[in-house]
Amino acid sequence: MLKVADAKALRRFKTHWQDALGCVLTSDHMLGERLHRLEGCSAAGSIQRLAKRLRALEETKDRQVANFTRMD
Numbered sequence: 228m229l230k231v232a233d234a235k236a237l238r239r240f241k242t243h244w245q246d247a248l249g250c251v252l253t254s255d256h257m258l259g260e261r262l263h264r265l266e267g268c269s270a271a272g273s274i275q276r277l278a279k280r281l282r283a284l285e286e287t288k289d290r291q292v293a294n295f296t297r298m299d
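Here's what the structure looks like:
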């Protein structure tokens, strides 16, 4: 059976984990919005190509994170 101190520590951990996860998801969402704007703007071709490469990198990262979390 969990001691009161252990239960409190577990709640704190869950809260910090949820805060960290929220921060990551928010920053990913903001990055996605910025990449979308760059991909659709009338900037130089090199900027658009860079945005596409960054998008591909983000998609690769998302797949790797998904694979890692499935393994846990």
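The opening position of the sequence shown corresponds to residue 228 in my numbering, with each subsequent residue numbered one higher. Backbone N, C-alpha and C define an ideal beta-carbon position, used for all residues, glycine too. On a predicted model such as this, the values are computed, not experimentally measured, just so you know.
1) With distances taken Cα to Cα, identify the nearest neighbour of Leu258 among Thr296, Ala293, Asn294 and Lys288.
2) So what does DSSP say about Ser269, is it helix, strand or coil?
3) Taking only the alpha-carbon atoms, compute the straight-line gap between Arg239 and Ala271 and give it to the nearest angstrom.
4) So, Gln275 versus Leu284, is the Cβ gap smaller than 8 Å?
Checking against the coordinates, here is how it stands:
1) That would be Lys288, whose Cα lies nearest to the Cα of Leu258.
2) coil
3) 48 Å
4) no
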